[in-house]
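Residue numbers (my numbering): 284 to 509.
Glycine included, C-beta positions come from ideal geometry on N, C-alpha and C.
Remember, it's a predicted structure, so these values are computed and weren't measured experimentally.
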Amino acid sequence: MPAPVLTIDGPSGSGKGTIARRVASALGWQLLDSGALYRLVAVAAGRRGVDLDEEDAVAKVAADLEVWFASAADGSERIELDGEDVTALVRSEECGAKASIVAALPAVREALLERQRAFRRPPGLVADGRDMGTRVFPDAGLKVFLTASAEERARRRHKQLKDKGIDVSLAALSRDIGDRDRRDSERSVAPLKPADDARVLDSSGLSIEAVTQIVLDWVRNTPQHG
Ligand code: C5P
Numbered sequence: 284m285p286a287p288v289l290t291i292d293g294p295s296g297s298g299k300g301t302i303a304r305r306v307a308s309a310l311g312w313q314l315l316d317s318g319a320l321y322r323l324v325a326v327a328a329g330r331r332g333v334d335l336d337e338e339d340a341v342a343k344v345a346a347d348l349e350v351w352f353a354s355a356a357d358g359s360e361r362i363e364l365d366g367e368d369v370t371a372l373v374r375s376e377e378c379g380a381k382a383s384i385v386a387a388l389p390a391v392r393e394a395l396l397e398r399q400r401a402f403r404r405p406p407g408l409v410a411d412g413r414d415m416g417t418r419v420f421p422d423a424g425l426k427v428f429l430t431a432s433a434e435e436r437a438r439r440r441h442k443q444l445k446d447k448g449i450d451v452s453l454a455a456l457s458r459d460i461g462d463r464d465r466r467d468s469e470r471s472v473a474p475l476k477p478a479d480d481a482r483v484l485d486s487s488g489l490s491i492e493a494v495t496q497i498v499l500d501w502v503r504n505t506p507q508h509g
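Spelled out as structure tokens, the structure:
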């Protein structure tokens, strides 16, 4: 029996990352932040002077990626690329926008597929992304599609960035989130949509603790996971 997988997909700012980290920590499971892989591909391509629209060259960058992740339950994390700390760079809005460009290239998605599946190890995996339930782990025992209204997602992202000392206007963020949603939902490969067997959870107006608890209750009631 392969290790159990819980997938948490959804649009940017839906709170997936935070919820996935908390749930993984509560269960003692591994965590896959697949968005960070696409972000790292964008960073690595930039460093190697590869244009983001050169599909084969970007896919090669994705296949050769030398990365290292560490995260703690308190939310702190460290991401290294070729041995260098790139955490702040990877988390920037600019990098998120570039990630959604490389993520639309089929060869890049293909190059990252096995790397993502390799995160599935006992005692289990919480996989956070856009296509975790539809494409990467279609046999996951529990699939959650986490969403929230566009206004709430922009507000949350704004607060997150402000807490990190990054100053961006709420209007600009709303626009960026809208653009990214459109690109992610309309692309031909692995578009952002809930898997047919996903449970959709709208987190608007719910606290992080409440959403975490709902997901943990679902995990306990899932036969392969409880
Ligand atoms: O989740 P995060 O904001 O870090 O993802 C950055 C971008 O990477 C997304 O906007 C999306 O285009 C892409 N992505 C994806 N498939 C995933 C995870 C992220 O296409 N599984």
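Straight-line gap, residue i to residue j (C-alpha atoms, nearest Å)
{"i": "Val419", "j": "Gln399", "result": "7 Å"}
{"i": "Ser308", "j": "Leu408", "result": "11 Å"}
{"i": "Glu360", "j": "Val385", "result": "23 Å"}
{"i": "Gly461", "j": "Ala433", "result": "8 Å"}
{"i": "Pro287", "j": "Asn504", "result": "13 Å"}
{"i": "Val494", "j": "Leu425", "result": "15 Å"}
{"i": "Ala394", "j": "Ala346", "result": "5 Å"}
{"i": "Gln443", "j": "Asp339", "result": "34 Å"}
{"i": "Ser457", "j": "Met284", "result": "43 Å"}
{"i": "Ala261", "j": "Gly416", "result": "The shown model of the chain, from 284 to 509, leaves out residue 261, and the question about it has no answer."}
{"i": "Asp336", "j": "Arg470", "result": "14 Å"}
{"i": "Ser383", "j": "Ala410", "result": "18 Å"}
{"i": "Ser452", "j": "Lys381", "result": "19 Å"}
{"i": "Lys445", "j": "Gly300", "result": "17 Å"}
{"i": "Ile497", "j": "Pro506", "result": "16 Å"}
{"i": "Pro421", "j": "Gly488", "result": "30 Å"}
{"i": "Ala454", "j": "Ala481", "result": "31 Å"}
{"i": "His508", "j": "Arg331", "result": "42 Å"}
{"i": "Ser317", "j": "Asp368", "result": "18 Å"}
{"i": "Leu499", "j": "Phe352", "result": "24 Å"}
{"i": "Leu538", "j": "Glu492", "result": "With the chain represented from 284 up to 509, any question about residue 538 goes unanswered, as that position is not in the structure."}
Closest residue to residue i among the options (Cα-Cα distance)
{"i": "Val483", "options": "Glu376, Trp501, Glu492 and Ser468", "result": "Trp501"}
{"i": "Gly366", "options": "Arg305, Gly488, Ile291 and Leu323", "result": "Leu323"}
{"i": "Ala319", "options": "Arg463, Ile362, Ile497 and Arg438", "result": "Ile362"}
{"i": "Arg392", "options": "Asp368, Val472, Ala454 and Asp479", "result": "Val472"}
{"i": "Leu396", "options": "Tyr321, Ala353, Val333 and Arg304", "result": "Tyr321"}
{"i": "Ser468", "options": "Thr301, Gly412, Arg404 and Arg331", "result": "Gly412"}
{"i": "Lys447", "options": "Phe352, Arg331, Thr370 and Leu348", "result": "Thr370"}
{"i": "Ile449", "options": "Val341, Glu377, Arg331 and Asp368", "result": "Glu377"}
{"i": "Val341", "options": "Ala387, His508 and Leu364", "result": "Ala387"}
Beta-bridge partners of residue i, as assigned by DSSP
{"i": "Phe420", "result": "Per DSSP, none; premise fails for Phe420."}
{"i": "Asp292", "result": "Gly412 and Phe428"}
{"i": "Arg361", "result": "Ala353"}
{"i": "Asp368", "result": "Glu363"}
Test item: CB-CB of residue i and residue j under 8 Å
{"i": "Ala431", "j": "Ser490", "result": "no"}
{"i": "Leu474", "j": "Phe428", "result": "Checking the sequence shown, residue 474 turns out to be Pro, not Leu. In this structure, Phe428 does not lie closer than 8 Å to Pro474 by Cβ."}
{"i": "Ser295", "j": "Arg436", "result": "yes"}
{"i": "Pro406", "j": "Trp312", "result": "yes"}
{"i": "Leu372", "j": "Val306", "result": "no"}
{"i": "Leu315", "j": "Phe402", "result": "yes"}
{"i": "Asp414", "j": "Asp292", "result": "yes"}
{"i": "Gly298", "j": "Arg439", "result": "yes"}
{"i": "Arg512", "j": "Gly379", "result": "The structure shown has nothing for residue 512, since the chain only spans 284 to 509."}
{"i": "Ser354", "j": "Arg304", "result": "yes"}
{"i": "Val333", "j": "Val350", "result": "no"}
beta-carbon residue i near ligand 3 non-hydrogen atom, thresh 7 Å
{"i": "Ala473", "result": "Ligands present in the displayed structure are limited to ligand 1, and ligand 3 is not among them."}
> Which runs of the alpha helix (DSSP H) fall wholly inside the region 422–501 and span at least 4 residues, in chain order?
Replying inline: 433–446 and 453–469
> What are the uninterrupted segments assigned as alpha helix (DSSP H) that are 4 or more residues long and contained completely in the region 374–398, given in chain order?
Replying inline: 376–385
> What runs of the beta strand (DSSP E), each 3 residues or longer, lie entirely inside the region 302–345?
Replying inline: 313–316
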